[in-house]
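Trainee: Before we start, here is the structure in question, set down as structure tokens.
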Amino acid sequence: MLTVIRKVTLSRFLELLTSSSLLRARTVAAGMTSTGSQDYDQKVVPKNEVIRFIEDCMCKAGTTKEDAYAVGHHLMIADYRGHFSHGMNRMHMYVKDIEHRITDPTARPQIVTDFQAIALVDGKNALGQVIGKYCMEKAIEKAKKFGIGMVAARGSNHYGICAYYTMMAMEQGLIGFTCTNTSPLMAPTRSMKSALGTNPLSLGMAACNGDEFVLDMATTAVALGKIELAIRKNENIPEGWALGPDGKVTCNSEEAFKTSLLMPLGGDEHSSGYKGYGLGLMVEILCGILSGSFFGPNIRPWKSGDKVANLGQCFMAINPEAFADGSKERLTILLKQLRDLPTSDGKTVLIAGDPERRHMEKVDMEGGMTYHPNQLKASEEFAKHMGVQPMKLVPKSV
Ligand SMILES: NC(=O)c1ccc[n+]([C@@H]2O[C@H](COP(=O)([O-])OP(=O)(O)OC[C@H]3O[C@@H](n4cnc5c(N)ncnc54)[C@H](O)[C@@H]3O)[C@@H](O)[C@H]2O)c1
Numbered sequence: 001m002l003t004v005i006r007k008v009t010l011s012r013f014l015e016l017l018t019s020s021s022l023l024r025a026r027t028v029a030a031g032m033t034s035t036g037s038q039d040y041d042q043k044v045v046p047k048n049e050v051i052r053f054i055e056d057c058m059c060k061a062g063t064t065k066e067d068a069y070a071v072g073h074h075l076m077i078a079d080y081r082g083h084f085s086h087g088m089n090r091m092h093m094y095v096k097d098i099e100h101r102i103t104d105p106t107a108r109p110q111i112v113t114d115f116q117a118i119a120l121v122d123g124k125n126a127l128g129q130v131i132g133k134y135c136m137e138k139a140i141e142k143a144k145k146f147g148i149g150m151v152a153a154r155g156s157n158h159y160g161i162c163a164y165y166t167m168m169a170m171e172q173g174l175i176g177f178t179c180t181n182t183s184p185l186m187a188p189t190r191s192m193k194s195a196l197g198t199n200p201l202s203l204g205m206a207a208c209n210g211d212e213f214v215l216d217m218a219t220t221a222v223a224l225g226k227i228e229l230a231i232r233k234n235e236n237i238p239e240g241w242a243l244g245p246d247g248k249v250t251c252n253s254e255e256a257f258k259t260s261l262l263m264p265l266g267g268d269e270h271s272s273g274y275k276g277y278g279l280g281l282m283v284e285i286l287c288g289i290l291s292g293s294f295f296g297p298n299i300r301p302w303k304s305g306d307k308v309a310n311l312g313q314c315f316m317a318i319n320p321e322a323f324a325d326g327s328k329e330r331l332t333i334l335l336k337q338l339r340d341l342p343t344s345d346g347k348t349v350l351i352a353g354d355p356e357r358r359h360m361e362k363v364d365m366e367g368g369m370t371y372h373p374n375q376l377k378a379s380e381e382f383a384k385h386m387g388v389q390p391m392k393l394v395p396k397s398v
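Residues in the sequence shown are numbered from 1 upward in steps of one, following full-length UniProt numbering.
This is how it looks when you write it as structure tokens:
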């Protein structure tokens, strides 16, 4: 069985991660754990090792060391924040697009127009993380000069988690905002066909004493990655996440993944799903419509390997000091007031960004990232495919 797994190619690797063969892979991985080949439960991958592994793979795929680090650091942060669907799990997709000559691993983003607080960037089909970092740096530079900076990008690719970019602005004492359009996966309210993407957005602002608000969310009920993870865990999905092939709500994760018809945030029309649909369309206006990239149903289908993505993205940085004094202090008070609210079940009210911070604390306490055995198996196979050193696991610290 082991030899069979070792012969996995890139496409088999993709299957391992996403298709119905996950069930078989799960059994294999479980068997390996129980026979003691790898005691995955007690092992973690240190953050630097995650970056090293991704960097090595990306360099092998043809990127510069600098860009490989940009991708590696970004994907590590996604996993660190607990968004495993958008961390290392996504690397295979980037490599596949490079191998199929769909993404240009050495391209550099270029300014199309630059006027005071605003710029339009052509990503030149470079890696999404490279374009995203470039654009947010530009927006930050402008916000420091003009109080606000806004950059729209076209010719881009999947850029990972939105919060990465808002946090870049927050580190500079600014409010960060970003959003991206994505391949059509969301069925607008009343439709049984997808026409908008998961179109995520993020806004973040730092408060005092390390506190912060970091909203980072898809405008669909969930990101598709959450359904992939449900498949990997052999779980059903809750009602209100996705439609089946008949256009009716489904709870079957495999069926939902196959159909890929996500419901907007809020679910169906009765539970106000049209608001999520409206937010998704708002993101599309800030991204595809403003930048001149592909938009809505005209974007390539999810995971299609034969067409450039030409995604649109929007990045904003705002200097709170350009407005009334004391905004940071007011935010600190507000976050405390919200956290102190009484609850019916004894659980504390959270602020957007809290769940991610808790996950980061856990990772730091354990000395690294705890990956699902299937992710680890898939990464081992991928290391072989790319001809790089596999990720080294270490025992958990506690
Ligand atoms: N690049 C892309 O194409 C793409 C597409 C979709 C999603 N994503 C990324 O996927 C990630 C996951 O998105 P998601 O929508 O599944 O996120 P999610 O549903 O896990 O969380 C959304 C937001 O809600 C907050 N939150 C969670 N529980 C909370 C609670 N009890 N109280 C208050 N706030 C709470 C989180 O901190 C987060 O800010 C994001 O990082 C997003 O940027 C990327």
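Note that the Cβ used here is the ideal one computed from N, Cα and C, for glycine as well.
Check this for me: beta carbons of Glu254 and Ile231, under 7 Å apart or not?
Mentor: For Glu254 and Ile231, yes; Cβs fall inside 7 Å.
Trainee: From the DSSP secondary-structure annotation, give me the bridge partner or partners of Ile175.
Mentor: Its beta-bridge partners are Ile318.
Trainee: Does the Cβ-Cβ distance between Gln129 and His74 come in under 7 Å?
Mentor: The answer is yes: Cβ separation under 7 Å.
Trainee: Taking only runs of the alpha helix (DSSP H) that begin and end inside the segment 99–183, which ones reach a length of at least 4 residues, in chain order?
Mentor: Within the segment 99–183, the complete alpha helix (DSSP H) runs of at least 4 residues are 128–146 and 163–170.
Trainee: Using beta-carbon positions only, say whether Ser397 and Glu366 come within less than 7 Å of one another.
Mentor: Yes. Within cutoff.
Trainee: Might you give, ordered along the chain, the residues of its own chain that have their beta carbon closer than 7 Å to the beta carbon of Ser272, omitting 5 neighbours on each side?
Mentor: For Ser272, where only same-chain residues beyond five positions count, the Cβ hits under 7 Å are Gly266.
Trainee: Is Ile161 near ligand 1, with its Cβ less than 6 Å from a heavy atom?
Mentor: Result yes, Cβ under 6 Å from ligand 1.
Trainee: Opposite Leu265 in the DSSP bridges: which residues?
Mentor: Partner(s): none; Leu265 has no beta bridge.
Trainee: For the segment 210–252, list the alpha helix (DSSP H) runs that are entirely contained and at least 4 residues long, ordered along the chain.
Mentor: Whole alpha helix (DSSP H) segments, 4+ residues: 224–232.
Trainee: Is the beta carbon of Met263 within less than 6 Å of some heavy atom of ligand 1?
Mentor: The answer is no for Met263.
Trainee: Contact between the segment 383–393 and the segment 67–82: three or more CB pairs below 8 Å?
Mentor: Contact fails: fewer than three Cβ-Cβ distances are below 8 Å.
Trainee: Is DSSP giving Gln313 helix, strand or coil here?
Mentor: Three-state DSSP puts Gln313 in a strand.
Trainee: How about Glu284 and Gly276: do their beta carbons lie closer than 7 Å?
Mentor: Contact: no.
Trainee: Confirm, please, whether the CB-CB distance from Leu393 to Lys138 is below 7 Å.
Mentor: Cβ distance not < 7 Å, so Lys138 and Leu393 don't count as in contact.
Trainee: Going by other Cβ atoms of all chains shown within 10 Å of its Cβ, with 16 needed for buried, is Phe323 buried or exposed?
Mentor: Exposed is the call here.
Trainee: Could you pull the DSSP bridge partners for Val308 from this structure?
Mentor: Val308 pairs with nothing; no bridge assigned.
Trainee: Go to Met386, then tell me how far its beta strand (DSSP E) extends in each direction, as first and last residue.
Mentor: Taken as a continuous stretch (DSSP letters only), Met386 belongs to no beta strand (DSSP E), being part of the alpha helix (DSSP H) at Pro373 to Met386.
Trainee: Does Ile111 pass the burial test, meaning 16 or more other C-beta atoms within 10 Å, or should it be called exposed?
Mentor: With fewer than 16 Cβ atoms within 10 Å of its Cβ, Ile111 is classed as exposed.
Trainee: Can at least three beta-carbon pairs, one atom from the segment 147–165 and one from the segment 331–343, be found at a separation below 8 Å?
Mentor: Contact between the segment 147–165 and the segment 331–343 is absent, because fewer than three Cβ pairs lie under 8 Å.
Trainee: With DSSP run on the structure shown, which of helix, strand or coil describes Pro395?
Mentor: Here Pro395 sits in strand by DSSP.
Trainee: Short check: CB of Ile318 to CB of Ile148, under 7 Å?
Mentor: Yes.
Trainee: For Leu341, does the three-state DSSP call read helix, strand or coil?
Mentor: Coil, per DSSP.
Trainee: Can you grab the Cα-Cα spacing for the pair Leu196 / Tyr134, in whole Å?
Mentor: Going by the C-alpha atoms only, they are around 26 Å apart.
Trainee: Which class does Ala25 belong to by DSSP, given the choice of helix, strand or coil?
Mentor: Any reading at Ala25 is ruled out, since the residue's pLDDT is 38, under 50, leaving its predicted position unreliable.
Trainee: Can you list, in chain order, the residues of its chain with a C-beta nearer than 7 Å to that of Lys193? Leave out the 5 residues immediately preceding and following it.
Mentor: Ala187.
Trainee: Along the beta strand (DSSP E) that carries Met186, what are the first and last residues, could you check?
Mentor: No beta strand (DSSP E) contains Met186, which DSSP labels as neither H nor E.
Trainee: Restricting to Cα atoms, I'd like to know which of Asp268, Met282 and Val45 is closest to Thr178.
Mentor: Checking every option, the nearest Cα to that of Thr178 belongs to Met282.
Trainee: Any heavy atom of ligand 1 closer than 6 Å to the beta-carbon of Thr182?
Mentor: True, at least one ligand heavy atom lies under 6 Å from that Cβ.
Trainee: By the DSSP assignment, the alpha helix (DSSP H) with Leu203 in it spans what residues?
Mentor: Segment Leu201 to Ala206 is the beta strand (DSSP E) holding Leu203; no alpha helix (DSSP H) there.
Trainee: Exposed or buried, which one is Gly132 when buried takes at least 16 other CB atoms within 10 Å?
Mentor: It counts as buried.
Trainee: Do Gly288 and Gly312 have their CB atoms nearer than 7 Å?
Mentor: Going by C-beta atoms, Gly288 is nearer than 7 Å to Gly312.
Trainee: Measure from the alpha carbon of Lys47 to the alpha carbon of each residue in Thr370, His385 and Asn374, then state which is nearest.
Mentor: Answer by Cα proximity: Thr370.
Trainee: Per DSSP, what are the beta-bridge partners of Leu196 in this structure?
Mentor: In the DSSP output, where bridge partners are listed per residue, Leu196 has Met186.
Trainee: Please report the residue range of the alpha helix (DSSP H) in which Ala78 lies.
Mentor: Note, Ala78: alpha helix (DSSP H), Lys65 to Tyr80.
Trainee: Identify which residue in Glu99, Gln172, Asp41 and Val151 has its Cα closest to the Cα of Phe315.
Mentor: For the residues Glu99, Gln172, Asp41 and Val151, the minimum Cα distance to Phe315 belongs to Val151.
Trainee: Tell me which residues share the same chain as Ala383 and place their Cβ nearer than 6 Å to its Cβ, disregarding the 5 neighbours each side in the sequence.
Mentor: Cβ neighbours of Ala383 beyond the five flanking positions: Pro390.
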